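Trainee:
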Amino acid sequence: MKRVETGITGLDEMLGGGLPDQRVVLVSGGPGTGKTIFCSQFLHYGAVQQNESGVYISLDETKHHFIKEMQAFGWDFQELEQNARFNFIEASRLRRIPEEAQVGRLSVGGRELGISNLIDMINTTIKKLEARRVVLDSISGLVFRYPKVSERRLAALDIIDALTATGATCLVTSEVQSMGDARQVQPEEYLSHGVTVLQTLKTGERVVQILKMRGTKVDTVPRPYVINESGVEVYSTQSVYQV
Ligand SMILES: Nc1ncnc2c1ncn2[C@@H]1O[C@H](COP(=O)(O)OP(=O)(O)O)[C@@H](O)[C@H]1O
Ligand SMILES: [Mg+2]
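For the sequence shown, the numbering used here gives the first residue as 6, with consecutive numbering after it.
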């Protein structure tokens, strides 16, 4: 299986070299666990080290804010954008675009988020850049607009299918409210090819665990990680006992 290096120290070792090529992998975790930084690092590494263009789809951040935030890690996404290595899609704007009748598998009224508009925009942008890496941050922001669980599942299925069809390697973040045994498994966890969970313990320690990665053997032991001035760093030879 072809691997796509994330560039996140320690994580690629856990993954046996990198993410499976052209797959959709979920990055799940509570607020502040580093999902946005994690995914940005994957895009930045691809663009700078692998000559692979990337697209970032954000449901709750503006491009301006994102670019400023990532400068703290020395990642210049503005420059990458100017060199056609990067594009940012402000998906939050699509919320206000009314949509009629059928959207993917869902019939929705005018007030709903236009998932099909979003998918069109993602496909156009990926083609234009010949992007190999895509991030959707977050799928929760997209599917929580649907009140019924059954509708959410269909919306998640539509977006994951669409991302799979792009042929790019995709990271999708998912907001988790409560962790541990009580945490609710979201439909996107079943639907994606792999699941990585980020967690902050009561002690403040950060822990990453790969729950699933279809078609490949990975390290499923929870490992400590830190967020520092160079981004996310996983200690793949250390273990955490108190998860
Ligand atoms: N420059 C930095 N150096 C070290 N840690 C940082 C830096 N910037 C943010 N962080 C840490 O990263 C966390 C936010 O990461 P983020 O990717 O935005 O989380 P999420 O997307 O999961 O909500 C903050 O809670 C903070 O602890
Ligand atoms: Mg975030």
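Note that beta-carbon positions come from the ideal geometry of N, C-alpha and C, so glycine has one too.
Here the structure is a predicted model, which is why all the values come from computation and not from measurement.
Any chance the region 32 to 43 sits against the region 231 to 240, with 3 or more Cβ pairs inside 8 angstroms?
Mentor: Contact between the region 32 to 43 and the region 231 to 240 is present, because at least three Cβ pairs lie under 8 angstroms.
Trainee: Would you call the region 157 to 177 and the region 21 to 31 touching, i.e. three or more CB-CB distances under 8 angstroms?
Mentor: Touching, yes, given that three or more Cβ pairs across the two stretches are closer than 8 angstroms.
Trainee: So which residues touch the region around ligand 1, with touch meaning a C-beta under 5 angstroms from any heavy atom?
Mentor: Checking every Cβ against the heavy atoms of ligand 1 under 5 angstroms gives P36, G37, T38, G39, K40, T41, I42, A77 and I232.
Trainee: Identify the continuous beta strand (DSSP E) that holds Y230 and give its terminal residues.
Mentor: Mapped onto the sequence shown, residue 230 falls at position 225. It spans R228 to N233 - the beta strand (DSSP E) in which Y230 sits, taken as one unbroken run.
Trainee: Along the alpha helix (DSSP H) that carries N128, what are the first and last residues, could you check?
Mentor: The sequence position of residue 128 within the sequence shown is 123, counting from 1. Its alpha helix (DSSP H) spans residues I120 to L134.
Trainee: Q204 lies in the beta strand (DSSP E); which residues open and close that run?
Mentor: In the sequence shown, residue 204 corresponds to position 199, counting from 1. Segment G199 to T205, the beta strand (DSSP E) holding Q204.
Trainee: Quick one: grab the DSSP three-state call for S322.
Mentor: Here the chain comprises residues numbered 6 to 248, so residue 322 is not present and cannot be evaluated.
Trainee: With a threshold of 16 other CB atoms inside 10 Å of the CB of A136, please say whether the residue is buried or exposed.
Mentor: On the sequence shown, position 131 is the one that residue 136 refers to. So A136 counts as buried.
Trainee: Where do the ends of the beta strand (DSSP E) carrying G236 lie?
Mentor: What you label residue 236 is simply residue 231 of the sequence shown in a count that begins at 1. G236 to V239 is the extent of the beta strand (DSSP E) around G236.
Trainee: Quick check: what's the CA-CA separation for A77 versus L141?
Mentor: For this step, residue 77 is matched to residue 72 along the sequence shown. For this step, residue 141 is matched to residue 136 along the sequence shown. Cα to Cα, A77 sits roughly 21 angstroms from L141.
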